[in-house]
Each structure stands twice: as C-alpha cells, then as structure tokens.
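Worksheet: one structure, shown below.
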Amino acid sequence: MVSNTHYTRLSLEKEKNMYVVLSAGIHGDETSGVFTLLEFLKKEVQKYGNKFTFHVYPCVNPTGFDNNNDTNYNEVNLNRDFVDAKTDEIKLIKKSLVSGPLSYEFAMDFHETGSGEEGNPDNYYLYEACMNVSKRIGNYIIDNVLLYVPVCKWNEIWGEPNSDGVIYYPENCRHEEYKEPTSFDSFLFKNYTSHSFTVELPGRLKLEDKVNAGLETIRTALKIFGNQDL
Ligand SMILES: [Zn+2]
5 MVSNTHYTRL SLEKEKNMYV VLSAGIHGDE TSGVFTLLEF LKKEVQKYGN KFTFHVYPCV
65 NPTGFDNNND TNYNEVNLNR DFVDAKTDEI KLIKKSLVSG PLSYEFAMDF HETGSGEEGN
125 PDNYYLYEAC MNVSKRIGNY IIDNVLLYVP VCKWNEIWGE PNSDGVIYYP ENCRHEEYKE
185 PTSFDSFLFK NYTSHSFTVE LPGRLKLEDK VNAGLETIRT ALKIFGNQDL
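Numbering (this note's numbering), first residue to last: 5 to 234.
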C-alpha cells in the first residue's frame, strides 16, 4: 500500500511537471503570435493546468511591437542574438531560462509570414525540430489548422524542403544561422528541449483567423503530448 501510494504521488508530480515554453513577438511587427498567447493565457491555459506548467514569453521584443518594427529600438534582430546575447531583451530571457527547468517537453515560437512576394510564403507553415522522426506531429497540426487558414504547399520554402506545410529539422536545415543557436528556437532546441516548433502565421489574413490558427496549433500539440504521457 505504501509503495502504491508513493507511486501515485510521484506519477501526479510527473504529470504536473511537463514543462512547455511558449513565445512570440521576437520580430515586433509579427504581432498575431503575441495576441495568440494573450488569448491562450486569458481563456485556455487553465484547462491544461493539471498536466502542464507553462513558461510564456508573450512579447519578446516590446519596443519592436510598439513601433511595428521587426528589430528592437537599436535596430537589432533579436532572433540572431542568442549566442553571445548583447541585447538586454535576450540577456533577460537567457537569465530566466537558467533559473527555470532543465528541460521542456516542447517549445513553440510564433512568427508571421510575409506578402507572398519574392519567395516569401503568404500561407501558414511551421518548422518542427525533433531528432526522433516517430515523435514528430507537424502533420497533425497542419490537418487541424487547415480548418482556419490555408497552408503553404510549395515544394520549398526559403530553399528548404516543405512537406505539405512542415519543414522538418535538423536534416532539412540549409541556413547557417539556424545551425548555430542564434535564434530563440534553435537556442532552445540545442539547450533546453528535444522538440521545438516555429510557427509562421499568414500575415495577410485577419487577426482573428491568425489567432484561431495559433490557438489550434497549441491545442493540437498539448493534446498529443498530454496523451503520450498517460
Ligand atoms: Zn519572424
């Protein structure tokens, strides 16, 4: 009896400690991810509180958000500052990560696509970084977000193979800056998680549609990760 009780308590603790990190707004003019995370925190996060603990950075680049710029007030692209961290914003994030859990079940960072010109997709897609191919879930996320937004089906996006809306990393990474952990997602993938998502919401669509697609992306991941642990 004692050992059973003990086992149950440990199981509950384990369930409660599935850590997830969510982030948005590192490019200040890509605002729909910020609103997605605020909406998630206001209306949905409590549904998952018995299983997940969330660490949320809803607006990584507040001055860029205020000025509608991708860079910060010093014109620095914060998503290239994670190796040596010269900006206050990224120094603070790295400091907070050091004082948090050693690893996260998954990380999800929200961005927005551009106009559709010059090889820049105008429909939804995402990057999924996970070494273990059998644990990848990007195709399930795509199936669900298609209810809200169109998905980019190009063969390649920015020179990298696109599998019906998902670019799988690390094997399809063709960009040197992502091989080094200069970006938030690649930094987390190298140091804090074995499963990282970078979501590109379609910039040209209405905010409501983008937020719905963002929320569905989070929900799908939480549903699958939650069940995997049962
Ligand atoms: Zn971006």
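Backbone N, C-alpha and C fix where the C-beta goes; we use that ideal spot for every residue, glycine too. Note that the structure is a prediction, hence the values are computed from the model and not measured.
Taking a contact to mean a Cβ-Cβ separation below 8 Å, would you say residue i touches residue j in this structure?
i, j, result
"Y152", "D213", "yes"
"I145", "T224", "yes"
"S200", "F69", "no"
"I222", "L26", "yes"
"E93", "N76", "yes"
"L226", "A217", "no"
"S198", "M135", "yes"
"T117", "G207", "yes"
"I97", "V64", "yes"
Under the rule that 16 or more other beta-carbon atoms within 10 Å means buried, what is residue i, buried or exposed?
i, result
"L236", "With the chain covering only 5 through 234, there is no way to say anything about residue 236."
"K47", "exposed"
"E17", "Unreliable positioning characterises E17 in this predicted model, as indicated by a pLDDT of 49, which lies under 50. The coordinate reading is nonetheless provided below. The residue is exposed, with fewer than 16 neighbouring Cβ atoms inside 10 Å."
"K55", "buried"
"V203", "buried"
"E132", "buried"
Shortest alpha-carbon distance to residue i belongs to which of the options?
i, options, result
"E122", "E160, T224, L106", "E160"
"L219", "I30, F39, T35, M135", "F39"
"L150", "N136, V170, T75", "V170"
Excluding the 5 residues flanking residue i on each side, which residues of the same chain have their C-beta closer than 8 Å to its C-beta?
i, result
"Y11", "Unreliable placement is indicated for Y11, whose pLDDT of 41 sits below 50; the coordinate value is still reported in the next sentence. There are no such residues."
"D168", "N143, I146, V155, K157"
"N83", "I30, H31, T186, S187, F188"
By Cβ distance below 7 Å, which residues in the same chain neighbour residue i in space, the five residues on each side in sequence not counted?
i, result
"N73", "G32, D33"
"F58", "V24, L26, V49"
"G104", "H59"
"L211", "S36, F39"
"E240", "Nothing about residue 240 can be reported from this structure: the residues present for the chain run from 5 to 234 only."
Which residues does DSSP list as the beta-bridge partners of residue i?
i, result
"T57", "Y23"
"P165", "E160"
"H199", "H199 is not bridged to any residue."
"L130", "V170, V203"
Within the same chain, show all residues whose beta-carbon is closer than 6 Å to that of residue i, passing over the 5 residues directly before and after it, in chain order.
i, result
"E3", "Residue numbering for the chain in the displayed model covers 5 to 234; residue 3 lies beyond these limits and cannot be assessed."
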